[in-house]
Every structure is written in structure tokens, then in C-alpha cells.
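So the protein lines, in turn, are chains A and B. Each step along the first sequence adds one to the number in the numbering used here, with nothing skipped, and position 189 is 189. Each step along the second sequence adds one to the number in the numbering used here, with nothing skipped, and position 64 is 304. What follows is a short report on a single structure.
Protein chains: 2
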Amino acid sequence: MLATLRRGARRPSPIVVGVTTPNEAAAPDPAVPDPAPMTPQQYGVGARFTLSVYDSDYVAIILGALAAADPSGLTLETNDISTFVAGAEQRVVAYVLDVVAGAARSGAHLSASILLSRGCPGELQCALPPGTAALAADPVSLEATGVRARAHWSLYPLLDAAASPDSAPADHMAPIYAAIERAKAEGVYSGSDHYATRLDGDLAAVLQTAANAWIGVGRRVQHVVTHLTVSVNSPSPIRD
Amino acid sequence: MLATLRRGARRPSPIVVGVTTPNEAAAPDPAVPDPAPMTPQQYGVGARFTLSVYDSDYVAIILGALAAADPSGLTLETNDISTFVAGAEQRVVAYVLDVVAGAARSGAHLSASILLSRGCPGELQCALPPGTAALAADPVSLEATGVRARAHWSLYPLLDAAASPDSAPADHMAPIYAAIERAKAEGVYSGSDHYATRLDGDLAAVLQTAANAWIGVGRRVQHVVTHLTVSVNSPSPIRD
């Protein structure tokens with residue numbers, strides 16, 4: 001990505017929040033009011049993505065896509081490697097969709113490397129300790145774009161070995177298998193390759209499936225990351 | 241990536257191996273010979289990567305880079321989204337280095353999205369059960385390329401909540417923090433951004449640092465994945 005594409009960037013405020021451990025949550029004291037729930041930014045909800053355009057006119061294509069995307073409610077920071085987007089799940093994923101779909105409409109072949117993360121805000125270190133109660137969020141809903149996308153998708157529930165059995169599944173693969181089953185039910189599952197699940201469908205459906213699996217696992221697991229490599233307008237024949 | 245770039249691809253053989261659980265390993269029976277150690281391919285050692293070239297001449301640039309890379313000892317499979325590389329750690333990482341460095345020497349701006357994985361072979365499901373003894377490997381050693389790379393890097397130790405405290409650290413962030421300290425000592429640490437550590441140095445040093453952290457954590461944790469988004473020849477000013 002180009003640093004010159006920076007728009008609306010600002011440093012997020014330092015994150016200083018009171019957190020609730022699972023044990024505290026299990027024995028609430030009615031005399032003490034609940035702390036205000038964390039905001040998505042305090043919980044570290046966001047994306048980091050790199051949009052790559054296989055075309056010598058990539059600057060104009062990327063600038064055009066950014067101009068068409070709605071940054072409202074988001075914190076954006078772009079450097080020469082990737083772009084950081086923070087905000088509520090629906091806004092973050094809708095923004096990534098807007099940028100990638102906008103670039104795709106140029107007709108150029110492109111790929112997007114997308115990371116979504118929840119539960120580990122901060123830079124060098126997680127600003128929330130392990131054991132912070134998982135923060136639920138509503139699933140995202142994205143409008144179809146008419147852009148066909150194919151993706152390799154991986155989902156990482158980052159469990160801690162000492163986690164309570166009540167707060168997280170014992171096997172990190174179990175929620176991954178469940179997410180793959182949901183992708184099949186949603187009609188965007190295309191196959192499973194080594195290290196990644198292949199998705200195929202409207203770009204909105206592909207991102208929605210990945211994001212809602214990430215949000216779904218995040219109802220029980222604090223730190224959840226998902227990665228997608230999305231390919232659009234590839235000249236390669238599709239063999240599956 | 242182009243499917244037309246496929247070379248030397250073949251389906252890996254089905255993975256059927258005897259595995260050793262940590263408990264069995266702790267009480268060896270001298271009357272029973274050790275099973276042959278797993279091969280890297282049986283242990284699921286490999287990469288999946290997408291090389292994106294921001295240039296209308298991307299086909300020639302990618303084909304040229306592939307022609308210069310040594311595929312010996314590797315299983316390669318390319319589709320329209322990404323390329324899978326399986327083999328021993330040194331060969332896998334050297335191959336990715338060769339391809340990316342070769343494309344970089346064209347002078348074109350490019351990005352590479354790279355996933356390295358160990359401990360979870362197979363496609364739809366891990367072919368090794370949780371609790372398989374972690375398979376150690378030697379660190380990789382890569383020759384400098386003269387190509388400067390900047391990268392956003394993430395490391396994921398995929399612990400299971402039920403894992404033995406002897407076999408894995410209790411906190412999934414601890415090995416990540418240790419890997420960041422090693423990157424600082426190795427001189428390629430450039431900073432920590434949200435969700436990723438920024439690396440800056442010769443492309444070989446950047447890949448070597450990430451790969452050796454992945455291998456190092458893999459001495460204790462079975463399933464370890466690391467992701468890099470590498471940027472080379474960006475026209476953007478570097479602000480850090």
C-alpha cells in the first residue's frame with residue numbers, strides 16, 4: 001500500500017480500561033454497578049490489510065477505491081506495508097469490502113491480504129490481560145457487490161493453556177471445524193487446501209463468512225485472529 | 241498468483257504415521273525401538289504464499305522469478321489464489337526467498353503474503369491429533385540478497401486449553417514477546433504496530449527471523465503458524 005493513501009489517520013488514544021475476569025463475572029456484587037462495556041476499540045477490534053493491484057496504474061486504482069470507501073466511525077493508519085482499521089466489526093469489515101470492491105471494479109487483477117483481530121489491543125503488548133471476559137458482538141451483514149472473489153482463509157482461536165475449561169473449548173481445532181461447516185451451509189465453501197479453507201463467492205459473502213466465524217469464536221475466546229488472502233480478476237483458470 | 245505458474249506440482253501422499261504422545265515419550269520402553277521420526281511433510285511443515293507484483297508486466301516478472309528458484313526437495317501446488325510449498329524448513333523458506341527476491345530484482349513494487357505452518361498436516365482436518373510430541377527442527381540460515389524488505393509479522397502458537405503445562409507455555413503471548421526480543425537482538429525489529437511486528441532489513445534476514453521464531457516456538461508447541469506481509473520496492477516514503 002502507499003503511504004500517500006493515508007487519510008483520516010490519527011493515533012488511537014491510550015487504552016486504559018477496567019477489565020472483568022471470568023471469576024469476577026461469575027460472582028457479581030449487586031451493590032457494585034457493572035462497568036461500562038468496553039468499546040470495540042478498547043477491545044482491540046480491527047483489521048490490517050494490504051491491497052495489491054497487478055497493474056502499473058495501481059496508484060490511481062487504489063486512490064479511486066479509497067475515495068469511494070466510507071471511513072466514518074473508523075480509525076485509519078496507513079504505512080508502506082499495510083493499513084490498520086479500527087472500529088466496530090460491521091464498520092471495519094464494510095470498509096475493507098468497499099476498498100477491495102472499488103479496486104476490483106477497475107478490472108485489474110488484485111489480491112488482498114486481510115487480518116481481522118479481536119481481544120488483544122495495543123501495539124507491543126496486549127493491553128488486556130489473559131482471562132478478560134470475551135466481548136460478544138453482532139454478526140456483520142454486507143451487501144452483495146457483484147464482484148466474484150476467491151480466498152484462502154485461516155481462523156486462529158488463540159487459547160491459553162491455563163484457560164478455564166468453561167471459558168474456551170479445549171481443542172483449538174474444534175471452532176475451526178465448526179466455522180468450516182458454517183461456510184458450507186452459507187454456500188461459499190469451495191474446498192480445503194493445506195493450511196487454509198478455500199472460499200468462492202461474492203466478495204461480500206466471502207468476507208461476511210470469515211468475519212462472522214471470527215466474531216462467533218470471539219464469543220467464547222478472548223483473542224481471535226483470522227487471515228484471508230483474497231484474489232479477484234485472476235487471469236488463471238479455476239481448476240476446482 | 242497465476243495457475244499457469246504451476247511447476248513440479250503433485251499431490252502429497254496420504255499422511256499415515258504413528259505418533260507419540262507426550263506421556264508415552266515420558267516413559268519410553270527400552271524394549272520397543274523408537275518409531276522413525278516423522279518427516280517434515282508428515283509433520284505438515286510448509287508454506288502458503290501469494291506474490292503480488294504491482295506492474296502490468298507481472299506475468300513475466302513472476303515467471304522469471306520462478307525459473308530462478310530451486311524447487312528441489314519440495315512439493316509445490318499452485319492455484320489461482322496462492323502457492324503451497326512443503327518440505328524441510330530450510331528448503332521451504334529458501335524457496336520463498338528465491339521467488340520473492342527474484343521478482344524484487346525486476347525493480348517492480350511487490351508484496352508477498354506468506355504463511356508458514358508446522359504441526360497440522362492435512363487439508364480439511366489435522367492429520368495429527370492434539371498432544372503429538374512437538375518435532376524440533378534446526379534453525380534456517382539464508383544468504384543475504386541485497387533486497388531490502390519491510391514486513392508486518394504475526395506469530396500464532398496454537399495452544400489447546402487442555403494441553404499439559406509441561407508441553408506448552410500457559411500464556412500464548414509469552415513466546416510472541418520472546419520472539420520480538422530476538423528480532424530486536426537480530427537487528428531487524430523496526431517497531432510494533434497493532435496486530436503485527438514491523439521488520440526491516442535484507443529480505444533474507446526478515447524471513448530468517450520470522451522462520452526461526454516459528455521453528456523455536458515449535459520446539460514446545462505442536463501447531464504453530466506465522467504470517468508475514470512483505471513489501472519491497474514501495475514508492476511510499478518510510479516514516480519510521
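Glycine included, each C-beta is placed from N, C-alpha and C at the ideal position. From a predicted model like this one, the values you see are computed outputs, not experimental measurements.
Rounded Cβ spacing between residue i and residue j (contact assumed at less than 8 Å)
i         : j         : result
Ala377(B) : Gly458(B) : 7 Å
Ser190(A) : Arg198(A) : 4 Å
Trp454(B) : Thr469(B) : Actually they do not touch by this definition, with Cβ atoms about 15 Å apart.
Tyr43(A)  : Pro121(A) : 6 Å
Ala110(A) : Tyr54(A)  : According to the sequence as given, residue 110(A) is Leu; it is not Ala. Their Cβ separation, rounded to whole angstroms, is 6 Å, which keeps Leu110(A) and Tyr54(A) in contact under 8 Å.
Val100(A) : Ala112(A) : 5 Å
Asn79(A)  : Arg479(B) : 6 Å
Leu142(A) : Ile176(A) : The Cβ separation is near 22 Å, so there is no contact.
Thr75(A)  : Ala86(A)  : 4 Å
His152(A) : Ala196(A) : 4 Å
Asn233(A) : Ala69(A)  : Contact doesn't hold; Cβ gap of about 18 Å is too wide.
Asn452(B) : Pro397(B) : Contact flag wrong, Cβ pair sits at about 14 Å.
Residue i: first and last residue of the uninterrupted alpha helix (DSSP H) it sits in
i         : result
Glu317(B) : Counting along the chain, Glu317(B) falls outside any alpha helix (DSSP H), though it belongs to the beta strand (DSSP E) covering 315 to 318.
Leu207(A) : 203 to 217
Leu306(B) : 298 to 308
Ala423(B) : 413 to 425
According to DSSP, residues forming a beta bridge with residue i
i         : result
Ile354(B) : Phe289(B), Leu468(B)
Thr197(A) : Trp153(A), Ser192(A)
Arg388(B) : Asp442(B)
Continuous beta strand (DSSP E) stretch holding residue i: start and end
i         : result
Ala326(B) : 323 to 326
Tyr335(B) : Note, Tyr335(B): premise wrong, no beta strand (DSSP E); alpha helix (DSSP H) at 329 to 344.
Pairwise C-alpha distance: residue j and residue i
i         : j         : result
Ala287(B) : Ala36(A)  : 43 Å
Ala67(A)  : Val188(A) : 29 Å
Ser292(B) : Tyr58(A)  : 12 Å
His194(A) : Tyr95(A)  : 29 Å
Arg460(B) : Ala374(B) : 6 Å
Thr449(B) : Ala384(B) : 13 Å
Ser192(A) : Phe84(A)  : 28 Å
Ala367(B) : Ser296(B) : 41 Å
Thr260(B) : Met278(B) : With a pLDDT of 29 at Thr260(B), under the threshold of 50, the modelled position of this residue cannot be trusted; read the value that follows with caution. Cα-Cα distance, rounded: 10 Å.
Ala65(A)  : Asp202(A) : 18 Å
Glu317(B) : Phe289(B) : 11 Å
Ser476(B) : Thr132(A) : 38 Å
Val45(A)  : Gln90(A)  : 10 Å
Leu399(B) : His412(B) : 7 Å
Ala425(B) : Arg118(A) : 29 Å
Ser312(B) : Ile301(B) : 21 Å
Leu207(A) : Gly102(A) : 15 Å
Pro254(B) : Ser322(B) : Confidence at Pro254(B) is low in this model, with a pLDDT of 30, below 50, so its placement is unreliable and the value that follows should be read with caution. Whole-angstrom Cα-Cα distance: 21 Å.
Ala178(A) : Gln365(B) : 11 Å
Ala26(A)  : Leu337(B) : Confidence is the limiting factor: at Ala26(A) the pLDDT is only 37, short of 50, which leaves the residue's position unreliable, though a coordinate-based value still follows. Those two C-alpha atoms are separated by around 50 Å.
Gln281(B) : Glu363(B) : 13 Å
Ser231(A) : Ser106(A) : 14 Å
Arg390(B) : Gly456(B) : 22 Å
Ile420(B) : Ala445(B) : 14 Å
Leu63(A)  : Ala414(B) : 39 Å
Gly146(A) : Gly386(B) : 43 Å
Asp440(B) : Asp200(A) : 34 Å
Q) Quick one, which residues of the segment 171 to 185 of chain A are near chain B if we go by CB-CB under 8 Å, in chain order? A) Asp171, His172, Met173, Tyr177, Ile180
Q. What residues in the segment 55 to 80 of chain A bring their beta carbon closer than 7 Å to a beta carbon of chain B?
A. Asp55, Ser56, Tyr58, Asn79, Asp80
Q | Chain-ordered residues of the segment 195 to 228 of chain A with a beta carbon less than 9 Å from chain B | A | Listed by position, the residues of the segment 195 to 228 of chain A near chain B (Cβ gap below 9 Å) are Tyr195, Ala196, Thr197, Arg198, His223, Val225, His227.
Q. What residues in the segment 378 to 397 of chain B have a beta carbon less than 9 Å from any beta carbon of chain A?
A. Under the 9 Å Cβ criterion, the segment 378 to 397 of chain B contributes Arg390, Ala391, His392, Ser394, Tyr396, Pro397.
Q: Scan the segment 284 to 295 of chain B for residues whose Cβ lies nearer than 8 Å to a Cβ of chain A and list them as they occur along the chain.
A: Listed in sequence order: Gly284, Gly286, Arg288, Thr290, Ser292, Val293, Tyr294, Asp295.
Q) Which residues, in order along the segment 356 to 367 of chain B, keep a beta-carbon less than 8 Å from a beta-carbon of chain C? A) Here the protein chains are A and B, and chain C is not one of them.
Q. Going along the segment 336 to 350 of chain B in order, which residues come within less than 7 Å of chain A, judged by CB to CB distance?
A. none
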